[in-house]
Ligand SMILES: Nc1ncnc2c1ncn2[C@@H]1O[C@H](COP(=O)(O)OP(=O)(O)OP(=O)(O)O)[C@@H](O)[C@H]1O
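Numbering (full-length UniProt numbering), first residue to last: 1 to 283.
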């Protein structure tokens with residue numbers, strides 16, 4: 001996907017650091033999301049993904065650094081800006097005691113740009129019954145409802161913390177393609193975390209890989225297949241200039257910024273899919 005750098009950033013982290021009781025959860029992280037970007041955030045449990053999202057939304061104060069969000073800053077998000085942001089936390093939710101229909105009616109009233117036909121389309125897609133009590137919904141149905149609530153007003157910025165973990169494969173696949181359409185049609189940016197690397201490969205334009213609070217990799221998913229490789233150096237050869245070592249395991253190196261011209265320096269060069277890359281990074 002072609003990104004226009006001249007577009008105004010929708011979300012930008014500048015040297016973000018977040019500590020809890022002196023323990024770093026985010027460590028000097030910088031990353032910018034432009035319109036049309038669907039960024040898949042990948043990292044082990046505790047890597048800092050939810051913390052990053054909660055800092056972006058001003059739910060958590062930052063320890064150091066700045067976050068720009070929709071032309072403002074995360075410590076002072078206006079109600080007009082909030083109408084342009086959709087967020088689904090890892091554990092939605094509220095609306096206990098409401099039916100699905102009443103919960104949606106209340107939620108809808110906060111968003112002037114609510115798209116009723118999109119809401120109806122998704123309700124039937126997820127087979128949600130408007131008369132059902134919210135507290136009686138299954139975990140996956142609640143997640144579906146949370147997604148409708150976060151997306152039916154076509155937000156400019158959509159932040160989803162493991163949005164599909166409880167969805168069945170059919171719902172997941174359909175939702176994922178909607179996500180992509182939303183970003184492209186509405187010129188929105190999406191930041192979503194997921195442990196399902198195949199989903200991420202299918203819909204993300206970019207992957208952001210976090211390890212222990214640091215952003216280890218942030219690049220277009222297509223570029224990843226070229227530039228990240230598992231290599232073994234020929235005896236006596238030194239590492240080509242420009243190559244960045246992400247991890248080292250005996251004679252195997254996981255490298256970024258690989259180029260075909262560097263091949264003579266290695267006895268083996270193995271491309272990685274996202275899951276393999278993730279495994280190699282954490283060996
Ligand atoms: N409110 C908090 N108080 C103290 N420590 C916290 C708090 N929230 C998160 N942490 C710590 O920050 C680190 C990052 O947690 P975070 O929830 O961001 O990870 P994550 O990548 O989202 O993990 P998962 O994939 O399990 O959801 C962890 O060590 C966690 O214990």
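Where is the CB? At the ideal position from N, CA and C, for every residue including glycine.
Note that the structure is a prediction, hence the values are computed from the model and not measured.
Residue burial classification, residue i (beta-carbon count within 10 angstroms, cutoff 16)
| i | result |
| --- | --- |
| residue 237 | exposed |
| residue 107 | buried |
| residue 20 | exposed |
| residue 54 | buried |
| residue 142 | buried |
| residue 109 | exposed |
| residue 22 | exposed |
| residue 4 | Unreliable positioning characterises residue 4 in this predicted model, as indicated by a pLDDT of 46, which lies under 50. The coordinate reading is nonetheless provided below. Residue 4 comes out exposed. |
| residue 206 | buried |
| residue 241 | exposed |
| residue 211 | buried |
| residue 263 | exposed |
| residue 203 | buried |
| residue 58 | buried |
| residue 48 | buried |
| residue 259 | exposed |
| residue 228 | buried |
| residue 124 | exposed |
| residue 170 | exposed |
| residue 36 | buried |
| residue 129 | exposed |
| residue 30 | exposed |
Coarse secondary structure for residue i, derived from DSSP in three states
| i | result |
| --- | --- |
| residue 272 | coil |
| residue 156 | coil |
| residue 140 | helix |
| residue 175 | helix |
| residue 202 | helix |
| residue 259 | coil |
| residue 247 | strand |
| residue 33 | strand |
| residue 63 | coil |
| residue 236 | coil |
| residue 180 | helix |
| residue 12 | strand |
| residue 135 | helix |
| residue 242 | coil |
| residue 290 | This structure leaves residue 290 out entirely; the chain is present only between 1 and 283. |
| residue 283 | coil |
| residue 226 | helix |
| residue 128 | coil |
| residue 50 | helix |
Sheet register partners of residue i (DSSP bridge)
| i | result |
| --- | --- |
| residue 210 | 43 and 215 |
| residue 88 | 160 |
| residue 168 | Looking at the DSSP assignment, residue 168 forms no beta bridge with any residue, so it has no partner. |
| residue 26 | 18 |
| residue 231 | 253 and 269 |
| residue 191 | 39 and 159 |
| residue 69 | 11 and 72 |
| residue 220 | 206 |
| residue 99 | 133 |
Contact test: residue i Cβ vs ligand 3 heavy atom, cutoff 7 Å
| i | result |
| --- | --- |
| residue 8 | Because ligand 3 does not appear in the structure shown, any question about it cannot be addressed here, the ligands present being ligand 1. |
Q: Determine, using beta-carbon pairs with one atom in the segment 69-89 and one in the segment 38-45, whether at least three such pairs fall under 8 Å.
A: no
Q. Hey, is the segment 129-138 in contact with the segment 85-104, meaning 3+ C-beta pairs nearer than 8 Å?
A. yes
Q) Taking one C-beta from the segment 85-92 and one from the segment 146-157 each time, how about it: are there three or more such pairs within less than 8 Å? A) yes
Q: Would you check if the segment 213-228 and the segment 169-185 touch, i.e. whether three or more CB-CB distances between them fall below 8 Å?
A: no
Q.
Assess contact between the segment 52-68 and the segment 244-258, defined as three or more Cβ pairs (one per stretch) separated by less than 8 Å. Is contact present?
A. no
Q) For the 8 Å Cβ check, are there 3 or more pairs between the segment 190-207 and the segment 269-283? A) yes
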